[in-house]
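This report concerns only the one structure given below.
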Amino acid sequence: MAKKKQYEEKQQHGTVELPVGLHKMSYPAGTDVIFYLHWHQEFEMLMVTEGEIDFEIEDRKYLLHEGEGVFINSNLLHSARTVDGKPCSFFAVDFHYQFLHEDIHSRFGRKYLKPVLDGKIVFPEFISGERPDELYRTEFAEAGNKKRKTVQTALEEENEHGGWQRQILGLLREMYACPEHDTEPYELLLRSHVMGIWDRLNRQSIRIAKRDEPGETGRLVPVIRYMKKNYAFDISLSQLAEMLPMSEGQFCRVFKNTMKMSPMQYLMRYRILQSCRLLQDTDKKIGEIANMSGFNNISYFNKVFLQTIGCTPGEYRNAGNY
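Here our numbering is used: the first residue of the sequence shown is 63, the next is one more, and so on.
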């Protein structure tokens with residue numbers, strides 16, 4: 063999905079010389095939306111420090127409990143809400159790739175940064191620390207009695223049992239001790255810890271061989287183009303299926319397997335994102351914007367908007383930015 067300029071977060075994280083920002087945020091009972099749908103060029107690591115948070119990255123949803131976290135790649139749309147209005151807190155680290163290495167074209171940049179930015183290497187998003195420390199210590203003590211472990215062996219055993227997740231969360235907890243607004247004295251700690259997190263995510267990553275419009279995605283290109291061009295008009299499932307051609311059932315299966323959502327979910331989401339642009343860039347009435355975005359019923363538009371963005375169209379317009 064193309065990332066439109068209007069969803070870009072305006073806040074600067076860190077400085078040009080030290081492009082990393084720490085954020086410790088708390089929300090009282092009764093809060094609904096933590097932050098609206100947005101994206102930024104920086105990478106982000108977020109850990110829940112109290113309560114629970116409903117988190118969404120693109121079309122992927124995660125329920126984060128206290129002590130769990132997420133990794134958000136550069137340029138990915140994401141949003142967060144409280145769970146049933148209960149109080150919650152989180153700690154986030156936002157950093158530009160230059161915090162790890164200034165030159166994206168260096169050997170380090172080509173090997174460890176650019177493939178992640180390009181989506182050729184995919185890091186795990188959900189970070190869980192569900193296994194207790196005592197259980198790990200017992201297992202490793204038993205393993206140590208049987209054989210002498212090298213560093214590589216220890217890493218492999220930790221990875222097998224999900225220890226890499228606990229290690230990442232441990233590094234985040236140590237970074238949490240640093241002050242938000244005076245990071246320079248802690249530059250070496252922050253840089254080493256972010257590098258440590260990157261190393262563990264890289265060890266668990268998946269490499270994807272990307273080509274232009276491969277497989278089923280290539281077959282769906284004309285359908286997606288049609289939806290984006292004609293989103294303001296009525297579009298039926300039968301119309302879309304006939305373009306390939308396929309039966310409606312087969313088309314829905316292919317589309318969902320490829321895009322990870324149904325054709326109508328994709329269309330509704332695209333319509334809502336277009337309505338966001340109109341809400342921000344024009345003074346048109348909400349009813350008119352709903353119609354221009356392909357919704358004939360303003361009540362239904364309000365319902366879908368709330369489900370997708372996390373607030374009403376009026377609240378979104380009044381907020382201006384996230």
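The C-beta atom is built at its ideal place from N, Cα and C for all residues, glycine as well.
Residues in the same chain with beta-carbon distance under 7 Å from residue i, minus the five sequence neighbours each way, listed in chain order, please.
i	result
residue 366	330 and 334
residue 376	348
residue 118	140 and 141
residue 170	163
residue 176	166
residue 93	144 and 147
residue 246	80
residue 346	340
Closer than 8 Å by C-beta to residue i: which residues in its own chain qualify, once you throw out the five before and the five after it? Chain order, please.
i	result
residue 148	91, 113 and 114
residue 195	With a pLDDT of 40 at residue 195, under the threshold of 50, the predicted position of this residue should be treated as unreliable, and no value is reported.
residue 120	63, 138, 139 and 140
residue 300	310
residue 368	374
Using C-beta distances below 6 Å, list every residue in its chain close to residue i, excluding the 5 sequence neighbours before and after it, in chain order.
i	result
residue 253	none
residue 75	83, 104 and 156
residue 71	100 and 102
residue 312	none
residue 151	88, 111 and 112
residue 158	81 and 104
residue 129	191
residue 250	none
residue 265	none
residue 363	352 and 357
residue 248	240
residue 317	325
residue 373	95
residue 308	none
residue 174	none
Since I believe residue j is in contact with residue i (beta carbons under 8 Å), could you give me their beta-carbon distance rounded to a whole number of angstroms?
i	j	result
residue 154	residue 243	Between residue 243 and residue 154 the Cβ distance is about 14 Å, and since that is not below 8 Å, they are no contact.
residue 259	residue 230	5 Å
residue 341	residue 378	6 Å
residue 302	residue 325	6 Å
residue 184	residue 297	Actually they do not touch by this definition, with Cβ atoms about 31 Å apart.
residue 256	residue 133	Not confirmed; about 11 Å, so no contact.
residue 48	residue 131	Look at the range of the chain in this structure, 63 to 384, and you will see that residue 48 is not part of it.
Report the option in the options whose CA atom is closest to the CA atom of residue i.
i	options	result
residue 180	190, 295, 187 and 166	166
residue 263	292, 298 and 188	188
residue 107	93, 121, 126 and 89	126
residue 295	332, 284 and 268	332
residue 328	241, 374, 182 and 290	290
residue 123	370, 374 and 380	370
residue 337	268, 234, 293 and 131	293
residue 268	182, 146 and 343	182
residue 314	288, 344, 282 and 353	282
residue 109	237, 317, 248 and 173	237
residue 69	350, 226 and 343	343
residue 49	172, 261 and 173	Past the edges of the chain, shown from 63 to 384, lies residue 49, and the structure says nothing about it.
residue 135	174, 172 and 178	178
Okay, do the stretch 355-364 and the stretch 313-323 touch, 3+ Cβ pairs below 8 Å being the bar?
no
If you scan the stretch 238-318 from start to end, which runs of the alpha helix (DSSP H) of 4 or more residues do you find wholly inside it?
249-265, 277-291 and 299-304
Assess contact between the stretch 94-104 and the stretch 139-152, defined as three or more Cβ pairs (one per stretch) separated by less than 8 Å. Is contact present?
yes
What ranges does the beta strand (DSSP E) occupy inside the stretch 123-151, keeping only unbroken runs of at least 3 residues that lie completely in it?
131-134 and 140-144
Identify every run of the alpha helix (DSSP H) within the stretch 309-366, keeping only runs that are complete inside it and at least 4 residues long; order them along the chain.
310-321, 325-343 and 348-354
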